[in-house]
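What follows is a set of notes on a single structure, which appears directly below.
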Amino acid sequence: MRIQVISILFLILVAFPLFAETADELQSRLSGNIPDLKRNEIYLKLGDIYSNDGRLQDALNYYLRVLDGANSPKQYLTASEKAAETYFVLGNTAKSIDILKDALRLNPQNISLRKKLGSYYSAADLYEHAVSEYEEIIKIARDRDALESLGDIHKKRGLYRRALDYYERAVFIGPSPEIFQKISFCYENTGEINLAELMLKKALEEMPNYEGYMQLGKLYYSKRAFDKSIEAFSGCVRFFPEKAEAYIYIGMSYYKNNQLTEAEKIFKILLDKNKEPALSYFFLGIILDKRGMRNEAKAAFSKAIENSRSNFLSKYAEFFSRLP
């Protein structure tokens, strides 16, 4: 038993050194005559230390030193990925792209680098280049992330049918609630509402989440299935009871369903929570007006104007308050 414990401790200590070298200690090791391979290893460690400390330009300088003098392909690729990521965080996406393109000439089969390059192209709105990189990945391997990324690009560009093709191929490799939600969004935008509902329900069965319930609630709201939209938006409230958006949709669902007393209660709950007071007073005014409580409605519209930071909302609140 003792030998087993000692063996486990040894493995832990080897994998996670208790006394990692500081930047100063690493710098002191650079003063001697050391092999290039060791020197570049120290440069990479220094880069990581400075990156973790938020000193990104200092970190970048060390990664670039490795790129300038790396004899090891492994070190070159590691430094390329780290330098590209640092340039990206510093806002120089073009430089990130150039570095990864050079690295891929050395190792064109490197899926990790291609994914990074694809993400940088997407961030720069260079979608055709991003698509090309992800397509190269799925030639190399059946990669779910690459297929999902291709779906994301086409979804973002409004090409929902093409996005569906990639998402459905990704699902065959490994289904996930996130992909089902994306498939649902595409079906909704191609007019296939029943399939959109089915995909969302499947996603929420596997992983209940705020965004999924919000998407399902909006789907039902658009179908004028207000009883169901209230139920779905209530799911959002269970996740984030302090978030105003779901309450507003619940209130408007009750209003659209002609359940005015319930709608009024919802907006009063929001006012008690001091969440979105301008919108809450505005919708409360709309509800009170429909209930024939004109004076109370005018008072709510005045409160909406008082709390509003939106000229648009103020304009319409004033318009409704002046109606006879």
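Our numbering numbers the first residue of the sequence shown as 1 and each following residue consecutively. We treat Cβ as the ideally placed atom computed from N, Cα and C, and that holds for glycine.
Asked                                                                                                                                        : Found
I'd like the span of the alpha helix (DSSP H) that includes Met214, first residue to last.                                                   : 210-222
Ends of the alpha helix (DSSP H) at Asp36?                                                                                                   : 36-52
Report yes or no: do three or more beta-carbon pairs, one from the segment 20-27 and one from the segment 59-75, lie closer than 8 Å?        : no
Looking at the unbroken alpha helix (DSSP H) that takes in Met199, where does it start and where does it end?                                : 193-206
What separation, rounded to the nearest whole angstrom, lies between the Cα atoms of Thr190 and Glu245?                                      : 26 Å
When the distance is taken between beta carbons, is Ile153 closer than 9 Å to Ala130?                                                        : yes
If you check the beta carbons only, do Cys186 and Gly217 fall under 9 Å apart?                                                               : no
If distances are taken between C-alpha atoms only, which option among Val89, Leu30, Asn52 comes closest to Arg65?                            : Leu30
Can you give the Cα-Cα distance for Leu18 and Asn33, rounded to whole angstroms?                                                             : With a pLDDT of 42 at Leu18, under the threshold of 50, the modelled position of this residue cannot be trusted; read the value that follows with caution. Taking the straight line from one Cα to the other gives about 27 Å.
Can you tell me which of Gly158, Lys115, Ser28 puts its alpha carbon nearest to the alpha carbon of Ile146?                                  : The question names Ile, yet the displayed sequence has Ala at residue 146. For Ala146, the nearest C-alpha among the options comes from Lys115.
Let me know the secondary structure DSSP gives Glu21 once reduced to three states.                                                           : coil
With a CB to CB cut of under 6 Å and the five nearest residues on each side skipped, what residues in its chain are close to Ala304?         : Ala278, Tyr281, Phe282, Ala317
Just to confirm, is the Cβ distance from Phe320 to Asp289 under 9 Å?                                                                         : yes
To the nearest angstrom, how far is the alpha carbon of Gly212 from that of Tyr167?                                                          : 17 Å
Between Ser229 and Ile193, is the Cβ-Cβ spacing less than 9 Å?                                                                               : no
Taking only three categories from DSSP, how would you classify Glu349?                                                                       : Given that the chain is displayed from residue 1 to residue 324, the structure contains no residue 349 and the question cannot be resolved.
Is Phe180 helix, strand or coil when you go by DSSP?                                                                                         : helix
Starting from Arg311, follow the alpha helix (DSSP H) in both directions and report where the run begins and ends.                           : Looking at the sequence provided, one finds Asn at residue 311 rather than Arg. It spans 311-322 - the alpha helix (DSSP H) in which Asn311 sits, taken as one unbroken run.
Let me confirm a value: Thr261 is counted as buried when at least 16 other C-beta atoms fall within 10 Å, else exposed. Which label applies? : exposed
Gly158 by DSSP, collapsed to three states: which one?                                                                                        : coil
Taking 9 Å as the threshold (C-beta atoms), are Ser122 and Ser149 in contact?                                                                : yes
What are the boundary residues of the alpha helix (DSSP H) that includes Ser339?                                                             : Nothing about residue 339 can be read from this structure; the chain reaches only from 1 to 324.
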